[in-house]
Structure formats: C-alpha cells, structure tokens
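Asker: In UniProt numbering, the protein residues as written are 1 to 511.
Got a structure here, written out as structure tokens. Questions coming.
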Ligand SMILES: *[C@@H]1O[C@H](CO)[C@@H](O)[C@H](O)[C@H]1NC(C)=O
Ligand SMILES: *[C@@H]1O[C@H](CO)[C@@H](O)[C@H](O)[C@H]1NC(C)=O
Ligand SMILES: *[C@@H]1O[C@H](CO)[C@@H](O)[C@H](O)[C@H]1NC(C)=O
C-alpha cells in the first residue's frame, strides 16, 4: 500500500536534510527531424514518472450505476520520482504519488473540489467531473498544451433492453423486449466492475510496477493470480505496467477474460485528447494527446505482442481510431442527435471472418480508394478489394446513404456512429499495416510504424452530398481488444513504445 510516509519515515526525515529533485524525463517535445514532433505528452512511453488512468463504460459509454463501494469508475496512478539525498548514505529514488486512495474512491454525492454542483448527484456527470479532477492532479506542463494521462478503458457489452438506459442514435428510447444480439443475464447486467489498484512502487532496485485489476462479477473474491483466475468462474481483467528506471519505456501488460455472464468485454489503452471530446464521448475528457492528429499527415508507432488471442470473436484492434464530426462536416458540439462518432479499426485476429463479400456488398463501404487515388466501387467485382474490409456501418442519422446500406450498433454510443472495420490485406501495405492474416498476431511481436494519417484519409466516411470534405481529426487512438459475445475466452497482450508523430506546425524561434 502506498500511503503517506509512515511515522517512522517522518521521524527519519526530521533527522536528515532532505533534498528533493523532481527527475524530469521526456518533458521536452522530442524532435523527430524533418519538421515532425510527437503529439503525445509522453513520447514512446519513456517517462519514468508515469501518468495513467482507468475509465469504465457501460454499453452506451456512461456509468449508469456505480459498483457498490467502488466509487465512480475513474481512477489514476500518477507519480513523480524524487531523488532524496540523506546525510548518510547514497541518494535514493522514491515514488511520490499525486493521486491518493481517497481521490480514487470518490463516488457520486461526495464533495469534489472544483466540480459544478449539478455534477455531484448524477452518476454519469460525476465520472466526467472526476476525470477532470484526477487530470488536474496528474497534469504535466508542456507545450503547446499540458497533458494528463494514458487511459485504460474498460467496457461491458451487456445491454439490458428493459432498462431504457441507452439511447438509439442519440435519441432516448423506452424499454423493449430482449434480443439475442444484446447479452444480459438479468437486472443489473450493465454493472460497472470491481476495480483494485496496486499503486506503482519499486519491486526491485530499479524496477517500477503498478496495476489495476478486477472483475465484473461483484461477488467475486478476486486474486491477482492470472493462472488461478483462468480457472475461476468470474470475469477478470488486469493491466500491469512495468519499467526499468532510466531505461527503455513502460510495458503495459493486459489480460481480459469473459464468462457466461459477461461474454462481451472490451479493454483498450488509449491516447485521448487532453481536452474537448474524445471519440465515443460527449463530455470533455482528459488524456495524453496534446496535438490532435489530422489526416493525412501523421503516423503512429507502437509495439504490440499478442500472447493469447481471446477466441474467434476477439476483435483485436491493432489501431482503433475515434473521431467525431457531423454529417454536414461541422465539428461535434455535444448535441448527441447530430454529432456522429467515427471509428476505424483494423482487426488483426486471423480467425475473424470478414463480412464484406461480393454477394454481401451491404457490409462494404460504397467504394475503396487505392493509395494512388484510384477509386473502385463495391459493385466492381473484378477490382474491389472485398477481403480488405470486415464491415462498414453508416451513421444511423444519415439521410443520403448509398443503397444498400448497413446500420449497426445504434445503442452503443451516446450519439450515432459510423464504423469502418478493416482486416489485413495487401491494399493496406502502403501504409505500413499488416497485409496478410496472422501478421502481428500470436508469436509475431512487432514494432509498427503505421501511416494512420494516410490510411484514414483514403477510407470512406459518410458525409452529406455537397458538403465540403471535413479535415478528419482523431481525438482518440488506441490498441486493445473487444471480445465479442463469447464466454470463457482469454486475451493477453502487451503494448509499449506508443507514439503519435505529427508535422511540427509551431514556429521555430532560434534563440
Ligand atoms: C539492490 O542493490 C543492492 C545494493 O547495491 C544489492 O546488494 C542488491 O543485490 C540489489 N538487489 C537486486 C534485486 O538487484
Ligand atoms: C492504382 O493502383 C491500383 C492498385 O494497385 C491499380 O490497379 C491501378 O491501375 C492504379 N491506378 C493508376 C492510375 O496508377
Ligand atoms: C456501381 O455503383 C455506382 C455507384 O453507386 C454506380 O454509379 C454504377 O452505375 C454501378 N455500376 C453497376 C454496373 O451497377
């Protein structure tokens, strides 16, 4: 337990001269040459003083109800490393946490400094305010903007159709009878998880480690042993981060297990915008991305090692990108009936079967644009790369889509959404993405340098006819898996080296 200094330590402190120096690593924008800079606060995850937070979402990206005794489902682990020089002995590095257990346990109704009163008694709004509160504690000053933390995101795919909690395309709807596509074991199936926290600490002379872990089964007695948990009947997730001080970067180890009761779970590591709306959200959030990357000019570097895949329905996203713009091209403003979240994801699980096929063009985007600009329609069976697409869903509120079309997931975001899911294929090779099934999968750990900007510029996204094409901005980029309705599946992976590289638009002033 990382508490405040023990009385013994306080006594010791009073006898010595204490010299505290905050060790700053990576506080300067890393120059990538050729006028490129990192868009994230912690390029490559190299900063010893880590900033990481956790958020949990119900089926439509809200809280709904807090889990008993767990507080609002937002928590953070942020610390500086202090070098303490005592009168006798060698200088010693100490972890100085910025977020207390009291902060992390804050729940609806608890007073929270800075939170507007109307946020305090509403579970959904309370989480929004808590994220900002934790962000203030974790914030690191930087140019062009301060930043706060990497974000671990958990989502429960259960949906209680009788609870009337989730809007349809952003419009509130009443209860409706259960449907097989919405798993739910009964009342309370949309619950938030148990969240346990091991604060980051030294686990050897030079190794720092911390974790969040827990279960959706509220009656589970959760241990942290993954080998044991595999055999248990409860659902389980954990994210453990580890780093050697002064060397390399953080490695985030993820583990996710579904069960009969919780067959659809999602776990991602996100780099979200430091302010404004992040993909999938209609409230201001906090994050790591201090410059919002814009298509076509940005790249993402990340090392991914998949250890266990999560079964045939595990939609493992090598890159999951989220942005938001209205169908007429205007930026999102929080109006959930006209804002549209846009997602694009490459699913790298080779077991996942692509839905888009010559005889099922409903599942395909209207056209594919090759890297050289050539456009091929989906009815052009000789030339359209069907095997490159899993599915495309138009926004549920779009008025002018091309027939035939597919609308999906109308209840799973606060607003309508457009989804473009792709799978490894030679057409993505020009952007550095996997070109064949199995690339980057189990046994094939890789460091990817993805031209996400170039790729996302050429993807089809719906806009009303005659409106000027939007500048596509991606406020959330993440990696992780969505284990889609399948019980007792285990996914395990590590993410490291994450960085987003964008053109340097700041004027260089030579002193
Ligand atoms: C930690 O450092 C001490 C002093 O240098 C050394 O004696 C000890 O073996 C080290 N322990 C580990 C686990 O490296
Ligand atoms: C563009 O690329 C596609 C796929 O490689 C190719 O079939 C097509 O001929 C190219 N078009 C031009 C104009 O080069
Ligand atoms: C294919 O689709 C495009 C765009 O919808 C349309 O203009 C064209 O006529 C279609 N071609 C055929 C052969 O159906």
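Note that the Cβ used here is the ideal one computed from N, Cα and C, for glycine as well.
Quick one: Cα of residue 55 to Cα of residue 71, how far?
Answerer: Start at 1 with the first residue of the chain shown, and residue 55 comes out as number 55. Start at 1 with the first residue of the chain shown, and residue 71 comes out as number 71. The alpha-carbon atoms of residue 55 and residue 71 are separated by roughly 12 Å.
Asker: Suppose contacts are defined by Cβ-Cβ distances below 8 Å. Is residue 184 in contact with residue 206 by that definition?
Answerer: Locating residue 184 in the chain shown gives position 184, counting from the first residue. Locating residue 206 in the chain shown gives position 206, counting from the first residue. The answer is no: Cβ separation not under 8 Å.
Asker: Heavy atom of ligand 5 less than 7 Å from the Cβ of residue 416, yes or no?
Answerer: In the structure shown, ligand 5 is absent; the only ligands present are ligand 1, ligand 2 and ligand 3.
Asker: Near ligand 2, which residues have their beta-carbon closer than 5 Å to a heavy atom?
Answerer: Listed by chain position, these are 370, 372 and 374.
Asker: Assuming the contact rule is C-beta atoms closer than 8 Å, residue 441 and residue 306 should be a hit. Round their C-beta distance to whole Å, please.
Answerer: Walking along the chain shown from the start, residue 441 turns up at place 441. Walking along the chain shown from the start, residue 306 turns up at place 306. About 6 Å separates the two Cβ atoms, so the contact holds.
Asker: Candidates 357, 353 and 188: which alpha carbon is nearest residue 313's?
Answerer: The residue given as residue 313 occupies position 313 in the chain shown. For the residues 357, 353 and 188, the minimum Cα distance to residue 313 belongs to 353.
Asker: Quick check: the Cα distance between residue 117 and residue 79, rounded to an integer number of angstroms?
Answerer: Counting from 1 along the chain shown, the entry for residue 117 is found at position 117. Counting from 1 along the chain shown, the entry for residue 79 is found at position 79. Answer to the nearest angstrom: the Cα atoms are 29 Å apart.
Asker: Please state whether the Cβ-Cβ distance between residue 315 and residue 349 is less than 8 Å.
Answerer: In the chain shown, residue 315 corresponds to position 315, counting from 1. In the chain shown, residue 349 corresponds to position 349, counting from 1. Yes. Within cutoff.
Asker: Which residues in the same chain have their Cβ closer than 7 Å to the Cβ of residue 395, if we skip the five residues on either side of it in sequence?
Answerer: As a working note, residue 395 is residue 395 in the chain shown. 327, 340, 416, 417, 418 and 462, listed in sequence order.
Asker: Within 8 Å, do at least three Cβ pairs link the region 188-203 to the region 296-303?
Answerer: Touching, no, given that fewer than three Cβ pairs across the two stretches are closer than 8 Å.
Asker: Are the CB atoms of residue 81 and residue 48 nearer to each other than 8 Å?
Answerer: To locate residue 81, count along the chain shown from 1; it is residue 81. To locate residue 48, count along the chain shown from 1; it is residue 48. Yes.
Asker: Once you ignore the five residues that flank residue 242 on each side, which residues in its own chain have a CB closer than 6 Å to its CB?
Answerer: Looking up residue 242 in the chain shown gives position 242. Only 209 and 251 meet the Cβ criterion.
Asker: Along the chain, where does the beta strand (DSSP E) that runs through residue 336 open and close?
Answerer: As a position in the chain shown, residue 336 is number 336, starting the count at 1. Here residue 336 belongs to no beta strand (DSSP E), and DSSP marks it neither H nor E.
Asker: Between the region 359-367 and the region 437-452, do at least 3 Cβ pairs fall closer than 8 Å?
Answerer: No, because fewer than three Cβ pairs between the region 359-367 and the region 437-452 fall closer than 8 Å, the two stretches do not touch.
Asker: Quick one, are the C-beta atoms of residue 262 and residue 158 less than 8 Å apart?
Answerer: Position 262 of the chain shown, counting from 1, holds the residue named residue 262. Position 158 of the chain shown, counting from 1, holds the residue named residue 158. Contact: yes.
Asker: Restricting to runs no shorter than 3 residues, where is the beta strand (DSSP E) found entirely within the region 292-362?
Answerer: Within the region 292-362, the complete beta strand (DSSP E) runs of at least 3 residues are 299-309, 314-324 and 341-347.
Asker: Nearer than 7 Å: is that true of the beta carbon of residue 389 relative to any heavy atom of ligand 3?
Answerer: Position 389 of the chain shown, counting from 1, holds the residue named residue 389. The answer is no for residue 389.
Asker: Could you pull out every residue in the same chain whose Cβ sits closer than 6 Å to the Cβ of residue 291, ignoring the five residues on either side in sequence?
Answerer: Within the chain shown, numbered from 1, the residue matching residue 291 stands at position 291. Taken in chain order, the residues that qualify are 39 and 502.
Asker: Could you tell me how far apart the beta carbons of residue 484 and residue 264 are, in whole angstroms, since I believe they sit closer than 8 Å?
Answerer: Start at 1 with the first residue of the chain shown, and residue 484 comes out as number 484. Start at 1 with the first residue of the chain shown, and residue 264 comes out as number 264. About 6 Å; that satisfies the 8 Å criterion.
Asker: Starting from residue 156 and walking both ways along the beta strand (DSSP E), at which residues does that stretch end?
Answerer: What you label residue 156 is simply residue 156 of the chain shown in a count that begins at 1. Counting along the chain, the beta strand (DSSP E) containing residue 156 begins and ends at 150-156.
Asker: Are residue 319 and residue 450 closer than 8 Å when you measure CB to CB?
Answerer: Numbered from 1 along the chain shown, position 319 holds the residue referred to as residue 319. Numbered from 1 along the chain shown, position 450 holds the residue referred to as residue 450. Yes.
Asker: Could you check the C-alpha separation between residue 74 and residue 165 for me, to the nearest Å?
Answerer: The residue given as residue 74 occupies position 74 in the chain shown. The residue given as residue 165 occupies position 165 in the chain shown. Using only the alpha carbons, I get a separation of about 20 Å.
Asker: Could you check what DSSP says for residue 256 in three-state terms: helix, strand or coil?
Answerer: Locating residue 256 in the chain shown gives position 256, counting from the first residue. The answer is strand: DSSP assigns residue 256 an E or B state.
Asker: Please classify residue 473 as buried or exposed, where buried requires at least 16 other C-beta atoms within 10 Å of its C-beta.
Answerer: Here residue 473 refers to the residue found at position 473 when the chain shown is read from its first residue. Residue 473 should be labelled buried.
Asker: Alpha carbon to alpha carbon, how far is residue 253 from residue 382?
Answerer: By one-based count along the chain shown, residue 253 stands at place 253. By one-based count along the chain shown, residue 382 stands at place 382. Roughly 43 Å separates the two Cα atoms.
Asker: Give me the pocket residues for ligand 3, defined as CB within less than 5 Å of any heavy atom, sorted by chain position.
Answerer: Listed along the chain, these residues meet the criterion: 377 and 379.
Asker: Could you tell me the alpha carbon to alpha carbon distance between residue 295 and residue 453, rounded to whole angstroms?
Answerer: The residue labelled residue 295 in the question sits at position 295 within the chain shown. The residue labelled residue 453 in the question sits at position 453 within the chain shown. If I take the Cα positions, the gap works out to 4 Å.
Asker: Quick one: is residue 43 buried, meaning 16 or more other Cβ sit within 10 Å of its Cβ, or exposed?
Answerer: As a working mapping, residue 43 is identified with position 43 in the chain shown. Looking at its Cβ environment, which holds 16 or more other Cβ atoms inside 10 Å, residue 43 is buried.
Asker: Nearest CA to the CA of residue 105: which residue from 402, 400, 68 and 476?
Answerer: Along the chain shown, one-based indexing puts residue 105 at 105. Looking at the Cα atoms, 68 is the closest of the given residues.
Asker: Note down, in chain order, each residue of its chain lying with its Cβ closer than 6 Å to the Cβ of residue 145, except the 5 sequence neighbours on either side.
Answerer: Position 145 of the chain shown holds residue 145. The residues are 274 and 290.
Asker: Leaving out five residues on either side along the sequence, give the residues of the same chain with a beta carbon under 8 Å from the beta carbon of residue 399.
Answerer: Position 399 of the chain shown, counted from the start, is the residue given in the question as residue 399. The answer, listed in chain order, is 327 and 464.
Asker: In this structure, how does DSSP classify residue 250 when only helix, strand and coil are distinguished?
Answerer: Here the question's residue 250 lines up with position 250 in the chain shown. Three-state DSSP puts residue 250 in coil, outside helix and strand.
Asker: Kindly indicate the opening and closing residues of the alpha helix (DSSP H) around residue 126.
Answerer: On the chain shown, position 126 is the one that residue 126 refers to. Residues 123-138.
Asker: Check the Cβ-Cβ distances between residue 326 and every residue of chain B, and say whether any is below 8 Å.
Answerer: The chain inventory of the structure shown lacks chain B, comprising one protein chain alone.
Asker: My assumption, with CB atoms under 8 Å, is that residue 66 sits in contact with residue 99. Please give the rounded CB distance.
Answerer: Here residue 66 refers to the residue found at position 66 when the chain shown is read from its first residue. Here residue 99 refers to the residue found at position 99 when the chain shown is read from its first residue. With 8 Å as the limit, residue 66 and residue 99 do not qualify as a contact, their Cβ atoms being about 18 Å apart.
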